[in-house]
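Asks: Residue numbers (the working numbering): 40 to 186.
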């Protein structure tokens, strides 16, 4: 496993580069436009598990849906995934999977900065709510819980 040297306050330590290291426990991310509001709260249980609550709302179709549970990083020793931001720049991300029967929610968190989340979904019934993220969900500066 490749390692990177982190120099913080003149102390050096080695950290594997394919792990997400976090200082906060709870993160909130959201995307919003005129039609859709999407927000996810993520609690890092450890480097391989997250507890999440995902809310997606469609203002035109008057739909609100919530999915919550524990998602797993099923391949912690693999290379990270690669996602692109709105300007086409690539960034590494770690994918956590929530599986319930045929339903799969893939939550991809920017590995280094933890400031972006992309959500993909499969196996969900077609409804008025959009489970796949419409855009990149960005980390909120203020983590006051809205729910």
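Note that the Cβ used here is the ideal one computed from N, Cα and C, for glycine as well. Keep in mind that this is a model prediction, so the values were computed, not measured.
Considering Cα atoms alone, identify which of 79, 149, 85, 98 is closest to residue 92.
Replies: Position 53 of the chain shown, counting from 1, holds the residue named residue 92. Comparing Cα-Cα distances from residue 92 to each of 79, 149, 85, 98, the minimum goes to 79.
Asks: For residue 146, which residues does DSSP report across the bridge?
Replies: Taking the chain shown and counting its residues from 1, the one referred to as residue 146 is at position 107. Its beta-bridge partners are 135, 158.
Asks: For residue 71 versus residue 94, is the C-beta spacing smaller than 9 Å?
Replies: The residue labelled residue 71 in the question sits at position 32 within the chain shown. The residue labelled residue 94 in the question sits at position 55 within the chain shown. No, Cβ-Cβ distance for residue 71 and residue 94 is not below 9 Å.
Asks: Check for me: the beta strand (DSSP E) holding residue 76 runs from which residue to which?
Replies: Taking the first residue of the chain shown as position 1, residue 76 is located at position 37. Here the beta strand (DSSP E) through residue 76 covers 75–85.
Asks: Specify, as a first and last residue, the run of the beta strand (DSSP E) that residue 89 falls within.
Replies: Position 50 of the chain shown holds residue 89. Segment 88–97, the beta strand (DSSP E) holding residue 89.
Asks: Can you tell which of 157, 141, 140 has its C-alpha closest to the C-alpha of residue 148?
Replies: Looking up residue 148 in the chain shown gives position 109. The residue with the shortest Cα to Cα distance from residue 148 is 157.
Asks: Return the CA-CA distance between residue 124 and residue 160, expressed in angstroms with no decimal places.
Replies: Stepping through the chain shown from its first residue, residue 124 is reached at position 85. Stepping through the chain shown from its first residue, residue 160 is reached at position 121. Distance between the alpha carbons of residue 124 and residue 160: 19 Å.
Asks: Measure the alpha-carbon distance for residue 102 versus residue 113 and round it to whole angstroms.
Replies: For the purposes of this step, residue 102 is identified with residue 63 of the chain shown, where counting begins at 1. For the purposes of this step, residue 113 is identified with residue 74 of the chain shown, where counting begins at 1. Their Cα atoms are separated by approximately 31 Å.
Asks: Kindly indicate which residue of 131, 126, 127, 89 has the alpha-carbon position closest to the one of residue 111.
Replies: In the chain shown, counting from the first residue as 1, residue 111 sits at position 72. Comparing Cα-Cα distances from residue 111 to each of 131, 126, 127, 89, the minimum goes to 89.
Asks: Roughly how many angstroms lie between the CA atoms of residue 73 and residue 180, to the nearest whole one?
Replies: Here the question's residue 73 lines up with position 34 in the chain shown. Here the question's residue 180 lines up with position 141 in the chain shown. Cα to Cα, residue 73 sits roughly 21 Å from residue 180.
Asks: Compute the Euclidean distance between the alpha carbons of residue 134 and residue 97, then round it to the nearest angstrom.
Replies: As a first step, residue 134 is located in the chain shown; it is residue number 95 there, counting from the start. As a first step, residue 97 is located in the chain shown; it is residue number 58 there, counting from the start. Rounded to the nearest angstrom, the two C-alpha atoms are 25 Å apart.
Asks: Could you tell me the boundaries of the beta strand (DSSP E) in which residue 106 lies?
Replies: One-based indexing of the chain shown puts residue 106 at position 67. Looking at the DSSP string, the run of the beta strand (DSSP E) that includes residue 106 is 102–111.
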